[in-house]
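Undergrad: Chains as they are written, first to last, in the numbering used here: chain V, 1 to 337; chain D, 1001 to 1337. Glycine residues also receive a C-beta, built at the ideal position from the N, C-alpha and C atoms. For clarity, every value in this text was computed on a predicted model and none was experimentally measured.
#1: Does DSSP classify residue 1345/D as helix, strand or coil?
#2: Residues in its own chain within less than 6 Å of residue 86/V by CB, not counting five upstream and five downstream?
#3: Apply the 10 Å Cβ neighbour rule to residue 100/V and answer buried if 16 or more other Cβ atoms are within range, or exposed otherwise.
#4: What does residue 1171/D pair with, by DSSP beta-bridge criteria?
#5: Since residue 339/V sits in a beta bridge, which residues does DSSP pair it with?
#6: Hey, could you find the ends of the alpha helix (DSSP H) residue 198/V is sitting in?
#7: Report yes or no: is there a C-beta of chain D within less than 9 Å of the C-beta of residue 160/V?
#8: Between the segment 212 to 227 of chain V and the segment 89 to 100 of chain V, are three or more C-beta pairs nearer than 8 Å?
#9: On the criterion of 16 or more Cβ atoms from any shown chain inside 10 Å, does residue 1160/D qualify as buried, or is it exposed?
#10: State the beta-bridge partners of residue 22/V as determined by DSSP.
#11: Does residue 247/V come within less than 9 Å of chain D when only Cβ atoms are used?
#12: Counting only the same chain and skipping the five closest in sequence on each side, list residues whose C-beta sits under 7 Å from that of residue 1164/D.
#13: Closest by CA to residue 137/V, which one among 285/V, 228/V, 69/V?
#14: In this structure, what does DSSP give as the bridge partners for residue 156/V?
#15: Less than 8 Å between the CB atoms is what I'm expecting for residue 116/V and residue 54/V, so what's the real figure, rounded?
#16: Quick one: measure Cβ to Cβ for residue 1243/D and residue 1227/D, integer angstroms, because I've assumed they're closer than 8 Å.
#17: Contact criterion: CB-CB distance below 9 Å. Does residue 1015/D meet it with respect to chain V?
#18: In chain order, what residues of the same chain have a beta carbon less than 6 Å from the beta carbon of residue 424/V, not counting five sequence neighbours either side?
#19: So which residues on chain V does residue 1313/D lean against when the C-beta distance must stay under 7 Å?
#20: Could you tell me the alpha carbon to alpha carbon distance between residue 1294/D and residue 270/V, rounded to whole angstroms?
#21: Between residue 1067/D and residue 1079/D, which are expected to be in contact by the criterion C-beta below 8 Å, what is the C-beta distance as a whole number of angstroms?
#22: Please state the DSSP three-state secondary structure of residue 232/V.
#23: Taking residue 229/V and residue 214/V to be in contact with their CB atoms under 8 Å, please state how far apart those CB atoms are, rounded to whole angstroms.
#24: Mind pulling the chain D residues with CB within less than 7 Å of residue 333/V?
#25: Residues in its own chain within less than 8 Å of residue 1248/D by CB, not counting five upstream and five downstream?
#26: Of all the CB atoms in chain V, is at least one closer than 9 Å to the CB of residue 1042/D?
#27: For residue 1232/D, count the other beta carbons within 10 Å of its own beta carbon; 16 or more makes it buried, fewer makes it exposed. Which is it?
#28: Tell me the residue span of the beta strand (DSSP E) that contains residue 1070/D.
#29: Assuming residue 1250/D and residue 1288/D form a contact by the criterion Cβ under 8 Å, report the distance between their Cβ atoms to the nearest whole angstrom.
#30: State yes or no: is the beta carbon of residue 1024/D nearer than 9 Å to at least one beta carbon in chain V?
#31: With distances taken from CA atoms, which of 1278/D, 1319/D, 1123/D is nearest residue 1172/D?
#32: Which word fits residue 268/V, buried or exposed, when buried means at least 16 other C-beta atoms lie within 10 angstroms of its C-beta?
#33: Would you mind sorting residue 1185/D into buried or exposed? The rule is 16 or more other CB atoms within 10 Å of its CB.
#34: Check distances from the C-beta atoms of the segment 1183 to 1208 of chain D to those of chain V and list, in chain order, the residues that come in under 7 Å.
#35: Considering only residues of the segment 213 to 279 of chain V, which uninterrupted beta strand (DSSP E) runs meet the minimum length of 3 residues and lie entirely inside it, listed in chain order?
Here it is, written out as structure tokens:
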């Protein structure tokens, strides 16, 4: 996704008339229609490694970096910089909402950043807990920096691991996208939490955590502050969620102590995935309350891990109903081993 | 997905507490965790071809067939039979709704059928229009047969082409799944249509068709009865929708003349996809009003074609927002060529 030439960036959001969902159309890359045939997954050669665009960033004086953590006076351990081919673009001054026939269109105003750690060969399972906590610390740092920018309503933080999960570069990295819209999917999750709160006077996520603690069948990992489970309604085999056990709606309020505990949980889950399941591709992502100025105290932030196992086929695409070939109780057993 | 031994089938639906979405957990197949690593896509050998379970069905006297179209006195051209490893199962007499902690669980009552056409090598682009119309006719036939069965609320008809789109068997086939629940995704689409109807006194799909006709940029194919477009808010590159131009809510009311016209549109779109885009995998599926006994006159049935190009990664999974690298206007131009 990275090249050295700077192209004019095109980014536009279009809103679906029926579902209300948003789709981002970003930079038309110079790709031919035959890009549709994806390359087979290859083993990385020494030559490929030399070409890694993120290893090349192994110098300190990059003007564009928005965050750099140093491990000594001259070497960095983590840095964050703008994605060279962003889905959304900070060049747009205004959101410029307009109509196209019956449709609503806005400019793709936003921020799209990449977070990389220094070592090409060491991802979360191979890192020390302190280094993992540093990633979480950088997530918080960028969240706090972006959440009050003009037009920003939602910030998505995620990590794609492996080509089947959408990672085009092998070097360990995460992405941070600050967006001017909130999709109905997120609203559905928020209003689902709110409705449960109103009818039960209790957070739905707290209720699930409590029930998981009692039944214990789906727990993968637990420490003082966090619990990792295969959710009772897992959407894909071996799905995991990492919840703070205490009710907190806003990820950005995480404390330094909690970062260490979350790092421990994250490392445990991703290590098990790698060892017990033969290193599958996965997506890791944060779900937290939006930063659109509203109060979402009924929400409960958490991380989700989606191993790339099922192909979402016709049924999933047409009805929203997933078919899962492993029940979560068995998945948790395999993961805990 | 097919073997000869009959296993005890397990199928359960669990409802997500927050989003309200349903997940089907079906037969725990005897797979080891390392099934996560998918096999690379292989060229089919003569040996593989001999093993095709759907070619083996090339005999008439199968007790289990639920529909057979004959092309002469002894050969069939199309047949429909129950999937050997169904996501849902007709053995359950009742839906048996129960609670698991805070969650709702029901038995996986339903029907899961497979439709195959005779020729292993000929899929829709290679078929005569009459044969494609026969497939549509069989869709309607099975829809009508299943829609009034006990507990059935929604019927999904879809075709997965290519391994990346979830097809585990190469022989041309479609699937029909009759389900006891309607997912919030479908409800959202229905209520989106209804809300537009209430505020504009017009069907939202008719409005889109009208606007597409005027602008003509995204039209891929048109005949008397149908129009195929790359939707203005395409969720994946080269997405296509085939709409009946006249407002009809219920697919099952399609006439014989319309079947021929739809077959022509379907063959055109899938041929272009194959020729102009180097034969990508795709999902084809029907969107129609549910069969749960309610009136959905504001809805407008259509087929969708989703080429498998993008990988839905962290952003898509966490926010519901898709990023699309080709704008629909350009996609339509490439497809029309």
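TA: According to the structure data:
#1: No answer is possible for residue 1345/D: the residues shown for chain D start at 1001 and end at 1337.
#2: For this step, residue 86/V is matched to residue 86 along the first chain. Taken in chain order, the residues that qualify are 112.
#3: For this step, residue 100/V is matched to residue 100 along the first chain. Flag for residue 100/V reads exposed.
#4: Working through the second chain from its first residue, we reach residue 1171/D at position 171. In DSSP, residue 1171/D forms no bridge with anything.
#5: Because chain V in this structure spans residues 1 to 337, residue 339/V falls outside the shown range and cannot be described.
#6: If you number the first chain from 1, residue 198/V lands on position 198. Counting along the chain, the alpha helix (DSSP H) containing residue 198/V begins and ends at 184 to 200.
#7: Here residue 160/V is taken as the residue at index 160 of the first chain, counted from 1. So yes, residue 160/V belongs to the interface.
#8: no
#9: Indexing the second chain from 1 puts residue 1160/D at position 160. So residue 1160/D ends up on the buried side.
#10: As a first step, residue 22/V is located in the first chain; it is residue number 22 there, counting from the start. BP columns for residue 22/V point to 15/V.
#11: The residue given as residue 247/V occupies position 247 in the first chain. Residue 247/V does not count as touching chain D.
#12: Here residue 1164/D refers to the residue found at position 164 of the second chain. So the qualifying residues of the chain are 1281, 1308.
#13: Residue numbering aside, residue 137/V sits at position 137 when the first chain is read from its first letter. Closest option to residue 137/V, Cα to Cα, is 69/V.
#14: Translated into positions along the first chain, residue 156/V becomes position 156. 177/V.
#15: What you label residue 116/V is simply residue 116 of the first chain in a count that begins at 1. What you label residue 54/V is simply residue 54 of the first chain in a count that begins at 1. Right, the Cβ-Cβ distance comes to about 5 Å (below 8 Å), so this counts as a contact.
#16: Translated into the one-based positions of the second chain, residue 1243/D becomes position 243. Translated into the one-based positions of the second chain, residue 1227/D becomes position 227. 5 Å between Cβ atoms; contact.
#17: Numbered from 1 along the second chain, position 15 holds the residue referred to as residue 1015/D. For residue 1015/D, the answer is yes, since a Cβ of chain V falls inside 9 Å of its Cβ.
#18: The structure shown does not extend to residue 424/V, since chain V is modelled only from 1 through 337, so no value can be given for it.
#19: To locate residue 1313/D, count along the second chain from 1; it is residue 313. By Cβ distance, chain V contributes 160, 165, 166, 283.
#20: Counting from one through the second chain, the residue named residue 1294/D turns up at place 294. Counting from one through the first chain, the residue named residue 270/V turns up at place 270. Rounded to the nearest angstrom, the two C-alpha atoms are 46 Å apart.
#21: Within the second chain, numbered from 1, the residue matching residue 1067/D stands at position 67. Within the second chain, numbered from 1, the residue matching residue 1079/D stands at position 79. Indeed they touch by this definition, with Cβ atoms about 6 Å apart.
#22: Counting from one through the first chain, the residue named residue 232/V turns up at place 232. Three-state DSSP puts residue 232/V in coil, outside helix and strand.
#23: As a working mapping, residue 229/V is identified with position 229 in the first chain. As a working mapping, residue 214/V is identified with position 214 in the first chain. The Cβ separation is near 12 Å, so there is no contact.
#24: Counting from one through the first chain, the residue named residue 333/V turns up at place 333. Taking the beta carbon of residue 333/V as reference, no residue of chain D falls within 7 Å; the closest one sits roughly 11 Å away.
#25: The residue you call residue 1248/D lines up with position 248 of the second chain. For residue 1248/D, where only same-chain residues beyond five positions count, the Cβ hits under 8 Å are 1254, 1300, 1301.
#26: Stepping through the second chain from its first residue, residue 1042/D is reached at position 42. Reliability fails at residue 1042/D, whose pLDDT of 47 lies under 50, so the model's placement of it is uncertain and no value is given.
#27: Stepping through the second chain from its first residue, residue 1232/D is reached at position 232. The residue in question, residue 1232/D, is buried, as its Cβ has 16 or more Cβ neighbours within 10 Å.
#28: Along the second chain, one-based indexing puts residue 1070/D at 70. Start and end: 1067 to 1070.
#29: Counting from 1 along the second chain, the entry for residue 1250/D is found at position 250. Counting from 1 along the second chain, the entry for residue 1288/D is found at position 288. 6 Å between Cβ atoms; contact.
#30: What you label residue 1024/D is simply residue 24 of the second chain in a count that begins at 1. Chain V contact via Cβ: present.
#31: Residue mapping note: residue 1172/D aligns to position 172 of the second chain, counting from 1. When only C-alpha atoms are compared, the closest one is 1123/D.
#32: Stepping through the first chain from its first residue, residue 268/V is reached at position 268. Residue 268/V is buried by the Cβ-count criterion.
#33: Your numbering for residue 1185/D matches position 185 in the second chain. Counting Cβ neighbours within 10 Å, residue 1185/D comes out buried, since at least 16 surround it.
#34: 1183, 1184, 1185, 1186, 1188, 1189, 1192, 1193, 1196, 1204, 1207, 1208
#35: Within the segment 213 to 279 of chain V, the beta strand (DSSP E) runs of at least 3 residues that lie entirely inside it are, in chain order, 219 to 222, 226 to 229, 240 to 244.
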